[in-house]
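Position one of the sequence shown corresponds to residue 31 (the numbering used here), numbered consecutively onward.
The structure appears below as structure tokens.
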Amino acid sequence: MVETLQSFIAEELTDRQREAMVAVMFEGMPLEEAARRMETNRNALYKLLHDARKKLKKRIEAEGLSPQEVLEALGEG
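This is the structure in structure tokens:
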């Protein structure tokens, strides 16, 4: 499931969305720090992450998976 999610991230997200997602969701970087490093503001970063999550959710559902299944497989559900 992790490999599947990684391929969805690689295929569906823009470079900028991927950079934000990795920093905040996987590395646990605070939004303020990620925004500073990406030379943007917190609100713009939040919107970028929101759009990235929507894309991933759409792809997950298109593949016949539920978001809950993905979270459970990652130990977060």
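C-beta atoms are modelled at their ideal positions from N, C-alpha and C, and glycine is treated no differently.
Quantities reported herein were computed from a predicted structural model and do not represent experimental measurements.
Which residues bound the alpha helix (DSSP H) around residue i?
i, result
"Thr34", "32-42"
"Ala74", "72-92"
"Pro97", "97-103"
State the DSSP-derived secondary structure class of residue i, mapped to helix, strand or coil.
i, result
"Met55", "helix"
"Glu69", "coil"
Could you round the C-beta distance between residue i and residue j to whole angstroms and report it? I think they count as a contact, below 8 Å.
i, j, result
"Leu43", "Lys85", "6 Å"
"Leu75", "Met68", "7 Å"
Tell me which residues share the same chain as residue i and place their Cβ nearer than 8 Å to its Cβ, disregarding the 5 neighbours each side in the sequence.
i, result
"Arg72", "Leu61, Glu62, Ala65"
Between residue i and residue j, what straight-line distance do the alpha-carbon atoms span, to the nearest angstrom?
i, j, result
"Glu41", "Val32", "14 Å"
"Glu91", "Met51", "19 Å"
"Phe56", "Ala103", "15 Å"
"Ile39", "Met59", "18 Å"
"Leu35", "Gly94", "13 Å"
"Ser96", "Ser37", "16 Å"
"Leu101", "Arg83", "13 Å"
Quick one: what's got a C-beta closer than 7 Å to residue i's C-beta in the same chain, skipping five residues either side?
i, result
"Asp81", "Gln47"
"Leu79", "Ala50, Met51, Val54"
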